[in-house]
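*Asks:* When we follow the working numbering, the leftmost residue of the sequence shown carries the number 992, and every step to the right adds one.
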Amino acid sequence: MRRRVLLSYAVRAVGLALFFYIVMSIDIQQMVAVALDIDLGVFAILVGIVAIIMILKGVRWQVLGEEMGLNFSKREAVDALCVSQITGLVLPGALGDLVRVPYLTSRGNSADVATLSIFVDAIIASIIPYSVAILSLIRILEISITVSSLLIPILWIVGLYGVYRILRATLWPWIVRARLKKLMTSGVRGSILFDIPNTIRSIGLKRVSLAMLLAGSSWFLYTVQGYLLAVTMGLGITWEYLA
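Encoded structure:
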């Protein structure tokens, strides 16, 4: 027990050290000076774009969650996203998104379905940015698209899907499920990760298409916001690098 406590303190110490290192490496005065140089009208436009993006993300999540049987309004979805964004400032990675789970469970929703809705929302939201990122890398690196160059990513995707199917058919029912049932009598089940494909199919093409449209709109506004900020700061940047 003592070893676990010491380990937890060590992890926190390393995290604080990294945080202070990052803060010390930032030129705070230069950052503040640049921020103050931004025109007030441009700043208001940037804030307005952020507000629209949050609304679009909230509507997208609510559209998917409603089809999954979750009970929450679009306003509540936007509120939960704002809380998760604030939490994400102090939590690493995308852990702040998990704040949305207790937000939904406090309104009578299932923890399993609430968590699953976050995964589904993240997957749909990442399709367009990742697709554009691949096109941008092809343009930046000047990669010539041939049959052989397409074969490698296709084999990689097929291989990952094959590993997923093998795990779902063997390791999951034989080992993992039994131990999770023994350890967890309530709350989130580990099987939600294997429910994602079936859940996306059950949502329906119409809802998924609407969510994709909202995700594309959010990404477009993110790009416009970044480009506007870059131009305001006097930076020359093309869409490939911005994407």
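Ideal placement from N, C-alpha and C gives every residue a C-beta, glycine not left out.
Please read all numbers here as calculations on a predicted model, not as lab measurements.
1. I'd like to check one pair, G1060 with V1104: are the Cβ atoms closer than 8 Å?
2. Quick one, which of A1113, Y1213 and D1070 has its alpha-carbon nearest P1093's?
3. Give every residue of the same chain whose Cβ lies closer than 7 Å to the Cβ of M1045, excluding the five residues on either side of it in the sequence, and list them in chain order.
4. Ignore the nearest five residues each way along the sequence and tell me which others in A1202's own chain have a CB closer than 6 Å to its CB.
5. What do you reckon, are the CB atoms on L1047 and S1209 nearer than 8 Å?
6. Look up I963 in the DSSP assignment and say whether it is helix, strand or coil.
7. Would you tell me roughly how many angstroms separate the C-alpha atoms of Y1152 and L1158, rounded to the nearest one?
8. If you run the structure through DSSP and keep just helix, strand and coil, what is F1063?
9. On a Cα-Cα basis, can you pick out the residue from I1029, T1223, L1204 and G1227 that is closest to P1120?
10. Using only CA atoms, which one of L1226, I1125 and A1160 lies nearest to P1144?
*Replies:* Per the coordinate set shown:
1. In the sequence shown, residue 1104 corresponds to position 113, counting from 1. In the sequence shown, residue 1060 corresponds to position 69, counting from 1. Yes. Within cutoff.
2. Numbered from its first residue, the sequence shown carries residue 1093 at position 102. Of the candidates A1113, Y1213 and D1070, the one whose C-alpha sits nearest the C-alpha of P1093 is D1070.
3. Numbered from 1 along the sequence shown, position 54 holds the residue referred to as residue 1045. Here the set comprises V1069, L1072 and C1073.
4. Stepping through the sequence shown from its first residue, residue 1202 is reached at position 211. Result list for A1202: R1051, V1054, L1055 and I1115, in chain order.
5. The residue labelled residue 1047 in the question sits at position 56 within the sequence shown. The residue labelled residue 1209 in the question sits at position 218 within the sequence shown. It is a contact, given that the beta carbons lie within the stated cut-off.
6. This structure leaves residue 963 out entirely; the chain is present only between 992 and 1234.
7. Start at 1 with the first residue of the sequence shown, and residue 1152 comes out as number 161. Start at 1 with the first residue of the sequence shown, and residue 1158 comes out as number 167. Answer to the nearest angstrom: the Cα atoms are 10 Å apart.
8. Numbered from its first residue, the sequence shown carries residue 1063 at position 72. Coil.
9. Looking up residue 1120 in the sequence shown gives position 129. Ranking I1029, T1223, L1204 and G1227 by Cα distance to P1120 puts L1204 first.
10. Counted from its first residue, the sequence shown places residue 1144 at position 153. Nearest C-alpha to P1144: I1125.
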